[in-house]
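Asker: Residue numbers (this note's numbering): 489 to 706.
Glycine included, C-beta positions come from ideal geometry on N, C-alpha and C.
As the structure is a computational prediction, the values presented were derived from the model and not from experiment.
Would you mind keeping the following structure in view while I ask a few things?
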């Protein structure tokens with residue numbers, strides 16, 4: 489099974505984000521041709537990615553995640569801001585008790601290491617919710633600034649755009665969402681999820697919750 493641990497925002501938080509995205513998509517022309525939007529049912533905050541694990545690992549992994557959740561107090565988060573990773577992945581960030589989220593993520597990754605999870609090559613030092621990906625060839629050539637044409641960092645936020653960058657549709661979305669702030673919610677569980685790439689709506693991933701582990705149950 490291909491597994492990961494996640495925090496899933498509640499419906500009212502996702503409703504708020506859904507409306508905000510609909511608004512910026514209407515205002516930023518060309519975004520549907522530039523960005524492949526992720527399905528709402530995939531919106532989550534990844535705590536730890538475990539990759540493909542043997543079925544025999546499921547019960548001991550779940551037992552340790554349950555222990556981790558039980559000794560973790562619930563905490564408050566809110567979706568806030570936006571950016572692009574590697575000029576490709578469009579994400580919405582978080583505010584609130586980000587230290588608690590980072591602590592949960594680090595501990596969840598350690599749990600996976602104890603049960604044979606492969607090392608995740610993706611950097612996850614910034615918890616985020618992925619809302620879309622720039623289609624191949626969907627961004628025009630970028631104008632560069634400076635004698636060597638240096639580019640900005642791959643994980644820049646909307647506030648990081650250099651003056652020499654072309655304002656293409658993906659940049660317009662980041663700029664519009666940079667000021668986004670959703671309602672706060674209490675994170676009260678971590679969820680173990682099975683991932684099936686390509687099996688979901690529109691050829692995207694299909695995420696199936698395996699077990700929900702309440703926080704603070706100890």
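1) For residue 647, I'd like the list of residues in its chain whose CB is within less than 8 Å of its CB, leaving aside the five on either flank, ordered along the chain.
2) Who are the near neighbours of residue 566 in its chain, counting only those whose CB is closer than 6 Å to its CB and skipping five residues on each side?
3) Spell out the partners DSSP gives residue 673 in its beta bridges.
4) Throw me the rounded Cβ distance for the residue 531 and residue 562 pair, which I believe falls under 8 Å.
5) According to DSSP, is residue 660 part of a helix, a strand, or is it coil?
6) With distances taken between CB atoms, is the gap from residue 681 to residue 492 smaller than 7 Å?
7) Could you check what DSSP says for residue 533 in three-state terms: helix, strand or coil?
8) When you compare the CB positions of residue 662 and residue 572, do they come within less than 7 Å of one another, or not?
9) Of the residues 559, 545, 675, which one's Cα is nearest the Cα of residue 499?
10) Can you give me the C-alpha to C-alpha distance between residue 616 and residue 624, rounded to a whole angstrom?
Answerer: Concretely, from the data shown:
1) Translated into the one-based positions of the chain shown, residue 647 becomes position 159. Legend: pLDDT at residue 647 = 48, less than 50; position of this residue unreliable, value from coordinates given subsequently. Correct list, in chain order: 666.
2) To locate residue 566, count along the chain shown from 1; it is residue 78. A distance below 6 Å between beta-carbons, with the five flanking residues on each side excluded, links residue 566 to the following residues of its chain, in chain order: 583, 584, 670, 672.
3) Walking along the chain shown from the start, residue 673 turns up at place 185. Note: residue 673 sits in a beta bridge opposite 565.
4) Indexing the chain shown from 1 puts residue 531 at position 43. Indexing the chain shown from 1 puts residue 562 at position 74. 20 Å between Cβ atoms; not a contact.
5) Stepping through the chain shown from its first residue, residue 660 is reached at position 172. Residue 660 falls in the helix class under three-state DSSP.
6) Counted from its first residue, the chain shown places residue 681 at position 193. Counted from its first residue, the chain shown places residue 492 at position 4. Going by C-beta atoms, residue 681 is nearer than 7 Å to residue 492.
7) What you label residue 533 is simply residue 45 of the chain shown in a count that begins at 1. In the three-state reduction of the DSSP assignment, residue 533 falls in the strand class.
8) Residue numbering aside, residue 662 sits at position 174 when the chain shown is read from its first letter. Residue numbering aside, residue 572 sits at position 84 when the chain shown is read from its first letter. By the CB criterion at 7 Å, residue 662 and residue 572 fall inside the cutoff.
9) For this step, residue 499 is matched to residue 11 along the chain shown. Distances from the alpha-carbon of residue 499 to those of 559, 545, 675 put 675 closest.
10) Within the chain shown, numbered from 1, the residue matching residue 616 stands at position 128. Within the chain shown, numbered from 1, the residue matching residue 624 stands at position 136. Across the structure, residue 616 and residue 624 are spaced so that their CA atoms are roughly 22 Å apart.
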